[in-house]
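Residue numbers (this note's numbering), protein chains in the order written: chain A, 187 to 472; chain B, 66 to 337.
Just so you know, even glycine gets a beta-carbon here, dropped at the ideal spot from N, CA and C.
Given the structure is predicted, the values throughout are model-derived calculations rather than measurements.
The block underneath contains the structure these notes are about, expressed in structure tokens.
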Amino acid sequence: MRTSRKSPFFHWFVVPAVVLAVVFVSAMAALFQYSFREYIPGSIAVGGFTFGNFARMAKWLYVRVFVDSLNYAALTAVFNLLLGYPLAYALVRSRSAILKSLIMIVTISPLFTGDIVRTYAWLIVLGKNGFINSVLRDLGLITQPLELLYTPAGVVIALVQYSMPVMVIILAAAISHIDVDYERAAASLGASPVKVFFKVTLPLSAPGIVSGLITIFAWTLSAFATPQLVGGGKVNMISNMVYNMGFSNFDFPFAAVLSMTALLLTMALLALIRFSAQRFERIGLH
Amino acid sequence: MRRATRRRLTNAAWAVVLGLILIYMVVPSIVVVLAAFNDKAILSFPPQSWSWRWFNKAINYDDFRNGFYNGLFVTAWASGIALVVGTAFAYAIDRFEFRGKRLLETILLSPLVIPHFTVGLAFLILASQLVLTRTFFIVVVTHVILVLPFVLRSVYVSLRNLDTTVERAAASLGATPLQVLLRIDLPLLAPGLFGGWLFAAILSFNEFTASLFVTGQRTQTLPVAMYTYVREYADPSMAAISTMFIVSTAIILVIANRFLGLQRILAIEAQR
Numbered sequence: 187m188r189t190s191r192k193s194p195f196f197h198w199f200v201v202p203a204v205v206l207a208v209v210f211v212s213a214m215a216a217l218f219q220y221s222f223r224e225y226i227p228g229s230i231a232v233g234g235f236t237f238g239n240f241a242r243m244a245k246w247l248y249v250r251v252f253v254d255s256l257n258y259a260a261l262t263a264v265f266n267l268l269l270g271y272p273l274a275y276a277l278v279r280s281r282s283a284i285l286k287s288l289i290m291i292v293t294i295s296p297l298f299t300g301d302i303v304r305t306y307a308w309l310i311v312l313g314k315n316g317f318i319n320s321v322l323r324d325l326g327l328i329t330q331p332l333e334l335l336y337t338p339a340g341v342v343i344a345l346v347q348y349s350m351p352v353m354v355i356i357l358a359a360a361i362s363h364i365d366v367d368y369e370r371a372a373a374s375l376g377a378s379p380v381k382v383f384f385k386v387t388l389p390l391s392a393p394g395i396v397s398g399l400i401t402i403f404a405w406t407l408s409a410f411a412t413p414q415l416v417g418g419g420k421v422n423m424i425s426n427m428v429y430n431m432g433f434s435n436f437d438f439p440f441a442a443v444l445s446m447t448a449l450l451l452t453m454a455l456l457a458l459i460r461f462s463a464q465r466f467e468r469i470g471l472h
Numbered sequence: 066m067r068r069a070t071r072r073r074l075t076n077a078a079w080a081v082v083l084g085l086i087l088i089y090m091v092v093p094s095i096v097v098v099l100a101a102f103n104d105k106a107i108l109s110f111p112p113q114s115w116s117w118r119w120f121n122k123a124i125n126y127d128d129f130r131n132g133f134y135n136g137l138f139v140t141a142w143a144s145g146i147a148l149v150v151g152t153a154f155a156y157a158i159d160r161f162e163f164r165g166k167r168l169l170e171t172i173l174l175s176p177l178v179i180p181h182f183t184v185g186l187a188f189l190i191l192a193s194q195l196v197l198t199r200t201f202f203i204v205v206v207t208h209v210i211l212v213l214p215f216v217l218r219s220v221y222v223s224l225r226n227l228d229t230t231v232e233r234a235a236a237s238l239g240a241t242p243l244q245v246l247l248r249i250d251l252p253l254l255a256p257g258l259f260g261g262w263l264f265a266a267i268l269s270f271n272e273f274t275a276s277l278f279v280t281g282q283r284t285q286t287l288p289v290a291m292y293t294y295v296r297e298y299a300d301p302s303m304a305a306i307s308t309m310f311i312v313s314t315a316i317i318l319v320i321a322n323r324f325l326g327l328q329r330i331l332a333i334e335a336q337r
């Protein structure tokens with residue numbers, strides 16, 4: 187059924203998409219263009235052409251936020267794998283339909299509730315008078331409230347829960363592709379269930395693990411609401427720095443430089459996903 | 066005997082691990098619901114007395130009301146435009162060969178991987194250059210760009226699964242191309258269209274990061290109004306409105322699962 191422009195309504199199908207693509211490319215071009223404009227302190231207007239904004243990136247103040255962000259993203263990805271794997275495994279392999287739907291509801295539905303609702307929830311879980319501290323105080327385990335909010339640990343705890351649905355979806359897809367016969371064969375040859383898991387299932391799901399880790403890493407780097415609220419200005423990631431640069435300092439050229447950098451970083455990670463996927467295909471694991 | 070005990074121990078350990086992870090996932094939502102029904106303004110767990118008053122306060126709070134209506138307005142336009150443009154373009158990708166097809170596809174799918182704060186900042190700068198800042202127009206355009214990929218994918222998958230012999234049968238019986246499109250293709254694609262639209266609408270209504278950049282006081286959507294509220298006040302009205310969000314999302318998902326199957330919606334999301 188593939189034809190080249192035979193249909194009488196070809197233009198009706200393509201022109202609206204072209205218009206939207208042009209609008210989007212113009213926005214990205216505007217961002218790119220702004221990163222080369224001079225910042226005029228105290229004004230939203232920008233000055234002439236300059237490379238100076240890129241040189242400003244070299245300050246430790248800004249480099250540190252990038253290093254911290256990469257750090258939090260890596261921690262989030264690793265914890266996501268550790269906690270997400272059991273969920274994904276149970277989601278695919280459990281024989282209980284109730285457990286499956288429970289996991290489905292608990293892990294997947296947060297994807298649809300929105301950043302703000304989910305982040306706000308963590309504020310009242312981690313806060314000074316929040317859930318964790320109240321429970322620990324009532325149990326007599328602590329006298330002074332734990333500092334969880336506005337700390338890196340709190341941000342990572344919230345980020346891991348935030349990106350869990352994506353990790354579970356990716357891992358579940360990988361696990362469901364594994365042929366159960368391999369596991370049965372190992373079991374029939376006398377391997378214990380634990381051994382079957384570590385020697386057969388886990389290695390065979392390696393492609394999913396790699397793509398999950400990188401995806402969560404990239405996904406965390408673009409998170410905004412969680413570090414913004416749970417970090418409370420004390421823990422900053424790239425996104426928060428971009429926002430503050432724009433809306434507190436009105437330094438939109440530098441905000442543009444920072445977002446362009448974040449964009450390049452994300453693109454590099456995506457290239458890495460593609461590269462690793464190809465490698466796994468070549469080895470024949472998939 | 067030793068083997069059986071060991072197996073039972075492994076199973077018990079496995080159940081505990083799974084239970085703890087599920088608790089970690091679900092605790093935030095439960096705490097929000099508890100806080101929403103707590104009569105006191107100061108959080109305590111478990112609450113000593115219960116009331117609906119925070120729901121009352123949240124519903125009658127002007128910024129939440131305006132945010133809700135603004136959000137509905139933006140979502141209706143954004144998901145509607147994305148549905149029409151996305152469906153048409155998915156059809157074009159499936160059926161036609163033309164120059165620049167791949168490029169166009171790459172550009173329109175790229176918002177899936179570009180951080181939302183980058184998209185938001187880009188549209189804010191574009192708006193300021195076109196003197197469109199703080200208009201609904203720029204908010205709707207931003208949302209269309211962000212949700213279009215989901216419609217594109219959902220419709221494209223349905224098109225691939227469409228049996229084209231039905232079209233040929235209709236054509237051979239004398240149906241015009243327009244009739245084939247409207248009376249054969251459209252009804253057969255309806256579930257894919259609805260799934261894509263629903264997903265786009267949910268995402269648009271909940272979108273926060275890019276919206277924070279492109280909305281102003283007059284055009285702010287509900288998530289932006291909620292963000293502003295959290296930064297200024299600490300009373301449980303926020304918990305009440307979050308509870309309404311959680312409950313309505315759950316209801317929509319259960320219904321969508323009934324009619325569409327969550328798996329198909331997830332198949333779109335999994336590749337993100």
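Item                                                                                                                              : Value
Nonlocal neighbours in the same chain, by C-beta distance under 7 angstroms from residue 92/B, ignoring five residues either side : none
Ranges of the alpha helix (DSSP H) found wholly within the stretch 239-287 of chain A, counting only runs of at least 4           : 246-279
Option in 136/B, 264/B, 101/B, 96/B with minimal Cα separation from residue 273/B                                                 : 136/B
Per-residue burial, residue 422/A [other beta carbons within 10 Å of its own, 16 or more giving buried]                           : buried
Under 8 angstroms from the C-beta of residue 144/B: neighbouring residues of chain A                                              : Those within 8 angstroms of residue 144/B in chain A number zero; the least Cβ separation is about 14 angstroms.
The stretch 250-283 of chain A: positions lying closer than 7 angstroms to chain B by Cβ                                          : 269, 272, 273, 276
Inter-residue spacing [alpha-carbon to alpha-carbon] between residue 439/A and residue 215/A                                      : 13 angstroms
Where residue 103/B sits in the DSSP three-state scheme                                                                           : strand
Limits of the unbroken beta strand (DSSP E) element including residue 225/A                                                       : 223-225
Beta-ladder partner(s) of residue 232/A, from DSSP                                                                                : 225/A
8 angstroms contact criterion, which residue 477/A and residue 147/B should meet: CB distance rounded                             : Outside the displayed range of chain A (187 to 472) lies residue 477/A, so it cannot be described from this structure.
Reference residue 72/B; option with closest CA among 217/A, 377/A, 358/A, 428/A                                                   : 377/A
Whole-number beta carbon distance between residue 304/B and residue 119/B, since they are thought to touch under 8 angstroms      : 6 angstroms
Residue 443/A versus residue 186/B - alpha carbon distance                                                                        : 11 angstroms
Range covered by the alpha helix (DSSP H) that runs through residue 351/A                                                         : 338-362
Residue-chain proximity (residue 457/A, chain B), Cβ-Cβ < 8 angstroms                                                             : no
Whole-number beta carbon distance between residue 126/B and residue 302/B, since they are thought to touch under 8 angstroms      : 6 angstroms
For residue 161/B, the three-state DSSP class (helix, strand or coil)                                                             : strand
Other residues of its chain near residue 296/A: CB distance less than 7 angstroms, five sequence neighbours each side excluded    : 304, 351
is_contact[residue 448/A, chain B] using C-beta, thresh 8 angstroms                                                               : yes
C-beta neighbour in chain B for residue 357/A, strict 8 angstroms                                                                 : no
Buried/exposed call for residue 389/A, threshold 16 Cβ in 10 Å                                                                    : exposed
Span of the alpha helix (DSSP H), counted from its first residue to its last, around residue 249/B                                : No alpha helix (DSSP H) contains residue 249/B, which DSSP labels as neither H nor E.
Any non-hydrogen atom of the ligand ZN within 7 angstroms of residue 93/B CB                                                      : By its list of ligands, the structure shown contains no ligand whatsoever, and the ligand ZN lies outside what it can speak to.
Buried versus exposed, by CB contacts within 10 Å (16 or more), residue 252/B                                                     : exposed
Through-space distance from residue 232/A to residue 289/A, alpha-carbon basis                                                    : 51 angstroms
For residue 157/B and residue 242/B, the rounded distance between their alpha carbons                                             : 14 angstroms
Residue-level contact to chain B via CB, residue 227/A, 8 angstroms cutoff                                                        : no
Cross-strand partners of residue 115/B (DSSP beta bridge)                                                                         : 103/B
Rounded straight-line distance, which links the Cα of residue 269/A to that of residue 427/A                                      : 29 angstroms
At least three beta-carbon pairs within less than 8 angstroms, the stretch 389-409 of chain A to the stretch 250-267 of chain A   : yes
Of the residues 227/A, 255/A, 219/A, the one placed nearest residue 240/A, counting alpha carbons only                            : 219/A
Contact residues within the stretch 192-224 of chain A, judged by C-beta distance below 7 angstroms to chain B                    : 193, 194, 196, 198, 199, 200, 202, 203, 204, 206, 207, 209, 210, 211, 212, 213, 214, 216, 217, 220
Inter-residue Cα distance where the pair is residue 473/A and residue 415/A                                                       : Residue numbering for chain A in the displayed model covers 187 to 472; residue 473/A lies beyond these limits and cannot be assessed.
Contact residues within the stretch 416-440 of chain A, judged by C-beta distance below 7 angstroms to chain B                    : 425, 428, 429, 432, 438
For residue 425/A, the first and last residue of its enclosing alpha helix (DSSP H)                                               : 424-433
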